[in-house]
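Note sheet for the following structure.
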Amino acid sequence: MKLAVYGKGGIGKSTTSCNISVALSRRGKRVLQIGCDPKHDSTFTLTGFLIPTIIDTLQAKDYHYEDVWPEDVIYQGYGDVDCVEAGGPPAGAGCGGYVVGETVKLLKELNAFDEYDVILFDVLGDVVCGGFAAPLNYADYCLIVTDNGFDALFAANRIAASVREKARTHSLRLAGLIGNRTATRDLIDKYVDAVPMPVLEVLPLIEDIRVSRVKGKTLFEMSELNNSLTYVCEYYLNIADQLIANPEGVVPKEAADRELFSLLSDFYLNPTDDDKNDQLFELEQFNDEEDNLSDPNHPSDSDKGDKLLGSGEATLDAYAPKKGSELEFDLSTLKEFNEHAFDEWNFDESRFDEDKNDEEDELGYLGLDSEDFLKGYLPDLSKVAHLDCSDDPDNTL
């Protein structure tokens, strides 16, 4: 069985792929994971180091394929999962997709495809050009990793379109979606209603999943030292069991871009009461994760903020709900604010509920967690303008 894992960049594909590979190995399958990203870090969680790539080995052999042996390119990782990294050209030079094709060519010449029960391709981001779509030519199933957010589902829809196109000439099916870092699945469900496809599993917001990537360990390896993480492994074992059962899969019919944009954006712009409750639940989950970060092994709050914002002195604490109040959103530090983002957040009368006095409704705040707020409503902190509060005589902001 051959699997191709796709999804929006940064969604957690490699972490998910490594844990699925170990789960399949735990079920008695011999597994080869192939990293198809020029960063060559797909298998880092399995091996604990950056293994030499196919392209490095070929260069060392002066591209004489006949001089390359399996042990030159295949490295054993945790859980007896074998690992290969395709690698790629230097940044800004050459085509990374071409290297993926060369990797497949070499592994076929080494008869590697015949040596394993499962071959898992972990593919770069949501790029579905000819080269990076090459794994779909060999895969039996495509898996799409997403979250409960707009961008990830928009990317998932484009990947679904690629699966449909490849399925015209190949025996490829979409096994389903995997929700990652997702406290609720309401937006995922809206998408699946519009574009029917299975949802294999939805993993909640678990900080240890992110930390495992930094440590270079799978959740299975971490659970050997911390039994409290065993329950997380069950999510991946459930996915493995579904795949081993050879699911029927689907040939998806993707939604048109405009239709999908309208569907997903309407969730945020015109939320129902249920949507607001779900969004508040995600906020509570985020706060719980923040409280759990007192463990010295976890990154600090400020580290998380720096990673989310990418640059500048502002941190997540500047925008996150204050400790001790789940609904009190601190906007006092927003002395500068992106005008376009302010318009998008849409502080208009339709967003206020004059019958309620809680601060959430006074601000027109939808209950989005702070990460979604930063990603969705502060898209460019490098272009800022003074926040005009002249329309706010009560100094709410």
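If you read the sequence shown in full-length UniProt numbering, its first letter stands for residue 1, the second for the next number, and so on. We treat Cβ as the ideally placed atom computed from N, Cα and C, and that holds for glycine. Nothing here was measured: the structure is a model prediction, and the numbers come from that model.
* Asked: For residue 252 versus residue 163, is the C-beta distance shorter than 8 Å?
  -> yes
* Taking all protein chains shown into account, decide if residue 64 is buried (16 or more other Cβ within 10 angstroms of its Cβ) or exposed. => exposed
* Roughly how many angstroms separate the alpha carbons of residue 270 and residue 187, rounded to a whole number? -> Their backbone Cα atoms lie some 13 Å apart in a straight line.
* Asked: Are at least three pairs of beta-carbons, each pair with one atom in the region 133-149 and one in the region 2-16, less than 8 Å apart?
  -> yes
* Asked: Going by the beta-carbon positions, is the gap between residue 74 and residue 84 smaller than 8 Å?
  -> In this structure, residue 74 lies near residue 84, with their beta-carbon atoms less than 8 Å apart.
* In chain order, what residues of the same chain lie with their CB nearer than 7 Å to the CB of residue 51, ignoring the 5 residues before and after it? -> 43, 75, 83, 85
* To do: Return the Cβ separation of residue 77 and residue 46 in integer angstroms, given the expectation that the two are a contact with Cβ distance under 8 Å.
  => Confirmed, Cβ separation roughly 3 Å.
* **Nearest residue (CA-CA) to residue 39, options 97, 140, 206, 111** => 97
* To do: Express the C-alpha separation of residue 205 and residue 323 in angstroms, rounding to a whole number.
  => Its pLDDT being 38, under 50, residue 323 is placed unreliably in this model, and the coordinates cannot settle the point.
* Which listed residue (125, 262, 66) has its alpha carbon closest to that of residue 108 -> 66
* Hey, how far is the Cα of residue 307 from the Cα of residue 180? -> With a pLDDT of only 35 at residue 307, under 50, the local geometry of the prediction cannot be trusted, and no value is derived from it.
* **Buried or exposed by the 16-neighbour rule on C-beta atoms within 10 Å, applied to residue 196** => The C-beta of residue 196 has fewer than 16 other C-beta atoms within 10 Å across all chains shown, which makes the residue exposed.
* Quickly, what does DSSP pair residue 142 with across the bridge? List them, please. => 4, 174
* Of the residues 172, 32, 49, which one's Cα is nearest the Cα of residue 139? -> Of the candidates 172, 32, 49, the one whose C-alpha sits nearest the C-alpha of residue 139 is 172.
* Continuous beta strand (DSSP E) stretch holding residue 233: start and end -> It is not in any beta strand (DSSP E) - residue 233 instead sits in the alpha helix (DSSP H) that spans 230-244.
* Tell me the start and end of each unbroken alpha helix (DSSP H) in the region 59-139 that is at least 4 residues and wholly inside, in chain order. => 70-73, 96-109, 135-138
* Residue closest to residue 154, alpha-carbon to alpha-carbon, out of 30, 3, 257 -> 257
* Classification of residue 33 by the beta-carbon crowding that lies within 10 angstroms, buried from 16 upward -> Sixteen is the threshold: when 16 or more other Cβ atoms of the shown chains lie within 10 Å of the Cβ of residue 33, as they do, the residue is buried.
* To do: Kindly indicate which residue of 194, 135, 160 has the alpha-carbon position closest to the one of residue 122.
  => 135
* Asked: Which same chain residues, not among the five before or five after residue 161, have their C-beta less than 6 Å away from its C-beta?
  -> Excluding sequence neighbours, residue 161 sits near 254.
* To do: Name the residue from 175, 30, 4, 19 whose alpha carbon lies nearest to the alpha carbon of residue 217.
  => 19
* Give the straight-line distance between the Cα atoms of residue 103 and residue 55, rounded to the nearest whole angstrom. => 8 Å
* Answer yes or no: the CB of residue 138 versus the heavy atoms of the ligand SAM, is any distance below 7 Å? => Only the bare structure without any ligand can be found here, which leaves the ligand SAM out of the picture.
* Could you check which residue in 174, 137, 194, 202 has the C-alpha nearest to that of residue 183? => Here the closest residue by C-alpha is 202.
* **Contacts around residue 35, its chain only, beta-carbon distance under 8 Å, and the 5 residues preceding and following it disregarded** => 14, 41, 42, 43, 83, 84, 85, 86, 122
* Go to residue 22, then tell me how far its alpha helix (DSSP H) extends in each direction, as first and last residue. => Residue 22: member of the alpha helix (DSSP H) spanning 13-26, first to last residue.
* Could you check what DSSP says for residue 34 in three-state terms: helix, strand or coil? => strand
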